[in-house]
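Just below is one structure, and these are the notes that go with it.
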Amino acid sequence: MYRSQQTDLGLSVLQQKKDKTLQTLIKTILQGWPKNKADTPKEIGHYYLFQEELSYQDGIVFRGERAVIPKQLWREITQCIHSSHLGVDGCLRRARECVYWQGMNEQIKSHVQQCDTCHAVDCNQQKETLRPHEMPDRPWAKGIPDIVISDNGPQFSSQEFQKFSDHWAFLHKTSSPGYPQSNGKAESAVKTAKRLMRKAQMSRQDPYLAILDHRNTPTHGLSTSPAQRLLSRHTKTLLPTKTSLLQPKIQNSLKELITNQQRQQTYYDRSAKDLDTLKTR
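Counting in the UniProt record's numbering, the sequence shown runs from 1 upward without gaps.
Printed below as a string of structure tokens:
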């Protein structure tokens, strides 16, 4: 049996009605904010700086697209965010997509850092590729590719696959033997999937929920999640999610990908240099 934490917007509504601080905040949002912060009720003073981002819809306070979580649910939401063991950065990126409360970052960090499962499965970060692949500048799925990049597995190095690539008129490139970092994206995806499965097994969580959470967590260095880049929208998870986040919105992450790639290469090249060209006789 798997354990699951679920906190929907309906429960948030009920808890917000019980939370005196949020009731004061709701009243202020509806009646209007004072001109001076000094005139704002003390318990909601920290909301004053971003008052323009706050709205009240369907019985819930939102900061932008993020539901403001009442204090009674902070611990439960933190557990829900961390249920898939995405690490500190992954949990923070996921939380910042759809929920907010004062001190959220510190609470999530503290919770994750005390997790025995995460400590048991943590691994060293793998090096990035030295020579980044060129990013496609147009849609490429569902048709014959221009280039296929793979490792040197027998299924790819075989004569049969060579004939297949010739027949379908695409270029086949392989990574350097004994250097898995050159196929780093695929290696990283496999490593991530294995780590998610191990953590789910150790914590008796549903692995499919872990994968779902990963797909809805913004990728490091980007502002979008895998689900957003593939489907142009979030997919529904156990976290409270505003309906507008589930509506399609075209995402173009090419510029972010290129910028992130260039930054990674700059960091990598700080401790590397080009070798002299070998002379041939």
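Just so it is clear, CB atoms sit at the ideal spot from N, CA and C, and this is done for glycine as well. Quick caveat: nothing in here was measured; it's all calculated off a predicted structure.
Residues near residue i by beta carbon distance below 7 Å, same chain, minus five either side
i, result
"Leu30", "Tyr56"
"Arg66", "Cys98, Val99 and Tyr100"
"Gln125", "With a pLDDT of only 47 at Gln125, under 50, the local geometry of the prediction cannot be trusted, and the value read off the model is given with reservation. Same-chain partners within the cutoff: there are none."
"Trp74", "Trp101 and Gln107"
"Pro34", "Thr40"
"Leu86", "Arg94, Asp213, His214 and Thr217"
"Asn105", "Leu92"
"Gln114", "none"
Beta carbon of residue i nearer than 7 Å to that of residue j
i, j, result
"Tyr48", "Lys37", "yes"
"Ser83", "Gln205", "yes"
"Ile69", "Ile81", "no"
"Ala227", "Thr237", "no"
"Pro145", "Phe161", "no"
"Arg63", "Glu53", "yes"
Identity of the residues DSSP links to residue i by a beta bridge
i, result
"Gln57", "Ile60"
"Val99", "Ala67"
"His85", "Answer is none; His85 lacks a bridge partner."
"Thr224", "Thr224 is not bridged to any residue."
"Val148", "His172"
"Gln162", "DSSP, once it has assigned bridges, lists no residue as partnering Gln162."
Residue i classed as buried or exposed, judged by whether at least 16 other C-beta atoms fall within 10 angstroms
i, result
"Val112", "buried"
"Val190", "exposed"
"Thr259", "exposed"
"Met135", "exposed"
"Pro154", "exposed"
"Thr243", "exposed"
"Ser4", "Interpretation of Ser4 is limited by its pLDDT of 45, a score under 50 that renders its predicted location unreliable; the figure taken from the coordinates is listed afterwards. Exposed, by the Cβ-count rule."
"Leu231", "exposed"
"Gln16", "buried"
"Gly90", "buried"
Whole-number beta carbon distance between residue j and residue i, since they are thought to touch under 8 Å
i, j, result
"Arg94", "Asn216", "7 Å"
"Met202", "Thr117", "5 Å"
"Gln72", "Lys18", "7 Å"
"Val121", "Arg195", "6 Å"
"Ala186", "Lys199", "So it is not a contact: roughly 21 Å between Cβ atoms."
"Ser188", "Asn152", "About 18 Å separates the two Cβ atoms, so there is no contact after all."
Cβ shell of residue i (< 8 Å), same chain only, five flanking positions each side left out
i, result
"Thr192", "His214"
"residue 333", "Here the chain comprises residues numbered 1 to 281, so residue 333 is not present and cannot be evaluated."
"Ser165", "Val148, Leu171 and His172"
"Thr24", "Pro41, Glu43 and Ile44"
"Phe156", "Ser150, His172 and Thr174"
6 Å Cβ shell around residue i - same chain, five flanking residues per side excluded
i, result
"Thr21", "Glu43"
"Gly221", "Asn260"
Closer than 6 Å: residue i CB and nearest the ligand FMN heavy atom
i, result
"Lys199", "Among the components of this structure there are no ligands whatsoever, and the ligand FMN is therefore not found."
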